[in-house]
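Accompanying notes for the structure given below.
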Amino acid sequence: MATAQLEVFSQERIDASAAIISDNVADIHKEYDLFRDKCPVAFTTQYGGYHLLTRYDDVKAAALDSATFISSVKAVIPSDPRGLRRPPLNFDAPNHTPYRTALDRTLKPARIKRLKERLEHHAETLLQPLLEKGGGNICTDFGANYAAWVETEWLNLAPETAPKLASTASAWVNAWRRMDREATTQFSTELYDIARDVLADRRLNPRDPEEDPGSSLLLEKNSKGEPLEEVHLVGCVRQSLVVGMVAPPLMLGGICNHLSMDQELQQKLREDPSLIPAAIEEFVRLFSPYRGFARTVSKEIELHGKTITPGVPISITYSAANRDPAVFENPHDFVLHRPNIAMHMGFGRGRHRCVGQPLATL
């Protein structure tokens, strides 16, 4: 058995695994199943080298232990080719806290309720052209543009910002995926310009901090009681501009693709819209738009017989954890009203759970 396992999980085998290099969802999840069972802490030399966690309990424990599993060294794999660090994603507590407090303040239930009608209007407006022509690309024609409007409403941006944000953020993401440093910088600079303009305006025209992220950020102080540094304030707004632009189109694509193949479920949700919230939670579990985020350890640890040392990235793979059969029965199936659906980690866990979860759920 030891010889067979060594053959299956040689370094070459891991580095070439669909779990590491593929964009094919079915192949990726097959490999996650194999790793989870036989190699729960896999190391790959791809992208500079990192460990891959695939078991639910390991992923959850890492996400909740922000003292051991830190975000300030590496938060995503592959990371921004320029090595920039923006709060709150790339910060650890206590430096992380004021930025997260400021953003959370603007996403309370009362604010979400007030945004609902405007967001419904944008959804209907953007869907109408697709309905009129009888089809389209739900991810690009609707998802990316709708996400831009959600960001525009949340951040109180000028209406003309939405189409610019949609095109610029999309171009930035594609450049980042290609690890194209020059293009990444070009489009990121445009997003930074928007962020600087927002903060400059909020200084001159402050708004209710419970209604406006920029104004909320300007109220916060660091752990020493000092105003937050300008470079990090701009970085946080810049992070906020992009963070909600990547996941929604992917999530909508996964949902619509599933519904196109499950006509019975589609009809059930049409006939009884009260079932939609429960369906959404199961969709988020199944089609987590981010495979996961990265951490490094603050001290050497042992996990499943493997030594993990500081500085070496670890992928806490939420998409693998969400299909762990030890936690979710029939994990690859859509199960409406799954009894333990609240355990899914589609929005992460711990200090770095998705800040936009209330908006995403709406």
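For what it's worth, the numbering used here labels the leading residue of the sequence shown as 1143, then goes sequentially. Glycine is no exception: its CB is placed at the ideal position from the N, C-alpha and C atoms. These numbers were taken from a predicted model, which means no experiment stands behind them.
(request) Let me know the secondary structure DSSP gives R1437 once reduced to three states. (result) strand
(message) I need the straight-line Cα distance from D1157 to W1291, nearest angstrom please.
(response) 39 angstroms
(request) Would you decide whether A1337 is buried or exposed? Buried here means 16 or more other CB atoms lie within 10 Å of its CB. (result) buried
(message) I need the boundaries of the alpha helix (DSSP H) containing F1103, first residue and last residue.
(response) No answer is possible for residue 1103: the residues shown for the chain start at 1143 and end at 1504.
(request) Compute the beta-carbon to beta-carbon distance between F1177 and A1184, rounded to the nearest angstrom, for a pair I have assumed lies under 8 angstroms. (result) Cβ atoms of F1177 and A1184 come within 8 angstroms of each other, at about 5 angstroms.
(request) Please classify A1144: is it buried, with 16 or more other beta-carbons within 10 angstroms of its beta-carbon, or exposed? (result) In this prediction, A1144 has a pLDDT of 42, which is less than 50 and means its spatial position is unreliable; what the coordinates show is noted afterwards. Of the residues assessed, A1144 falls on the exposed side of the cut-off, its CB having fewer than 16 other CB atoms within 10 angstroms.
(message) Within the continuous alpha helix (DSSP H) that includes Y1432, where are the two ends?
(response) Where Y1432 is concerned, there is no enclosing alpha helix (DSSP H), given that its DSSP letter is neither H nor E.
(request) Give the straight-line distance between the Cα atoms of A1304 and L1268, rounded to the nearest whole angstrom. (result) 12 angstroms
(request) Indicate whether the contact test is met: 3 or more Cβ pairs, each with one atom in the region 1353-1372 and one in the region 1234-1246, closer than 8 angstroms. (result) yes
(request) Figure out for me which residue from K1441, A1436, G1490, A1463 has the closest Cα to the Cα of K1216. (result) A1436
(message) Under 8 angstroms: do the region 1245-1262 and the region 1345-1362 share three or more Cβ pairs, one atom per stretch?
(response) yes
(message) Using a Cβ distance threshold of 8 angstroms, determine whether the region 1185-1192 contacts the region 1462-1478, with at least three qualifying pairs required.
(response) no
(message) Looking at I1280: is its Cβ nearer than 7 angstroms to the Cβ of C1398?
(response) It is a contact, given that the beta carbons lie within the stated cut-off.
(request) Could you say which of A1205, G1386, N1166, R1323 lies nearest to N1287 if we only look at CA atoms? (result) G1386
(message) Quick check: the Cα distance between G1396 and E1372, rounded to an integer number of angstroms?
(response) In this model, G1396 and E1372 are separated by some 38 angstroms (Cα to Cα).
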